[in-house]
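Novice:
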Amino acid sequence: MFYRQKVYKLIKKMNVKTKESQEVLDISMFPITMFEKKKSRKRKKRESRVVQKNLNDKNAKKYFYRKVQCNFDTSDYIWCISYDKKPKNDEEANRDFENLIRRINNYRKKKGLERTRYMAVKEGGEGTKKRIHYHIIIDGDIDRNTLESFWKKGYSNTRTLRAREDGFKDLTQYMTKEGNSKKRWKCSRGNLVEPQAMINDNRFSRKKMREMLTQHPSREEIEALYPGYTLTDYSIKYNEENGGVYMNILMRRTVKNYLDKRRKRSD
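Position one of the sequence shown corresponds to residue 1 (full-length UniProt numbering), numbered consecutively onward.
As structure tokens, this is what we get:
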């Protein structure tokens, strides 16, 4: 049995609106066989059973969090919209959302701005007892009052995004709390960065993982493995079915915005 380390560096590309940004290091270690180590890392499409569906939903929520971290920061917004008058069905709500984004992009085009970047989750609707509403993470290129005015069918409120030690994890967990998460997501196309993992199959041995399981490494020991980062959270557990050890670590660091400094020098 071998152990694979998968590391995601999660940070939005800098712009002149932010003086500094938080980078999150999302790390997972898990066992793989020699066959898995040698084969292509492309996932095979197959029919999902109940266990696989649960795993797919869990991974989908992680993907949503990582993608938000790669594309948004505290210069952007969380926008909540709902209806005064209930739409007839999900199809009508979907059309309303598409028309909303179209109006925003038409406005941006007139102002010389590129298409809006967003990631949205719909809650409620058919098959639930909730009224339809949306939670939208959207770029902060337009002022909040103008953005809120584009939604004419009910409640519309924006707030500036606030990052915690784990970035926007709490927010994305709240947004994806309902089942079938991936089917309820909407996001802009062609202007969002995909989270990319760095993979290392030789960082941790089976013996080392067993030691970490029994001895529970200290904060200082974990931070020494990833210099320059501060530990946010970690978990480690043993899987009785395959005899493997699984470890997840969240690290963070503050990255200064050199673009902001360069702008000040030119003023």
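Note that the Cβ used here is the ideal one computed from N, Cα and C, for glycine as well.
Pull up the DSSP beta-bridge partners for Tyr234, would you.
Specialist: Looking at the DSSP assignment, Tyr234 forms a beta bridge with Ile249.
Novice: In three-state terms, what does DSSP make of Asn157?
Specialist: Three-state result, Asn157: strand.
Novice: Return helix, strand or coil for Glu91, following the three-state DSSP convention.
Specialist: Looking at Glu91 - three-state DSSP - the assignment turns out to be helix.
Novice: Hey, could you find the ends of the beta strand (DSSP E) Met29 is sitting in?
Specialist: Note, Met29: beta strand (DSSP E), 20–32.
Novice: Checking the sheet assignment: what are the DSSP bridge partners for Lys9?
Specialist: Lys9 pairs with Leu25.
Novice: Buried or exposed for Ala120, please, with buried defined as at least 16 other CB atoms from any protein chain shown within 10 angstroms of its CB.
Specialist: Answer is buried; the Cβ neighbour count reaches 16.
Novice: Grouping DSSP H, G and I as helix and E and B as strand, with all else coil, what is Tyr229?
Specialist: Tyr229: coil per DSSP, three-state reduction.
Novice: Which residue from Lys110, His216, Leu113, Met198 puts its Cα closest to that of Lys9?
Specialist: Here the closest residue by C-alpha is Met198.
Novice: Please confirm if the region 158–175 is in contact with the region 73–81, defined as three or more CB-CB distances below 8 Å between the two stretches.
Specialist: The region 158–175 vs the region 73–81: in contact.
Novice: At the level of alpha carbons, what is the spacing between Glu178 and Lys122?
Specialist: Between Glu178 and Lys122, the C-alpha separation is close to 10 Å.
Novice: How many angstroms separate the CA atom of Lys153 from the CA atom of Ile81?
Specialist: Straight-line Cα distance between these residues: approximately 9 Å.
Novice: Considering only DSSP beta bridges, list what Gly167 is partnered with.
Specialist: Partner(s): Arg164.
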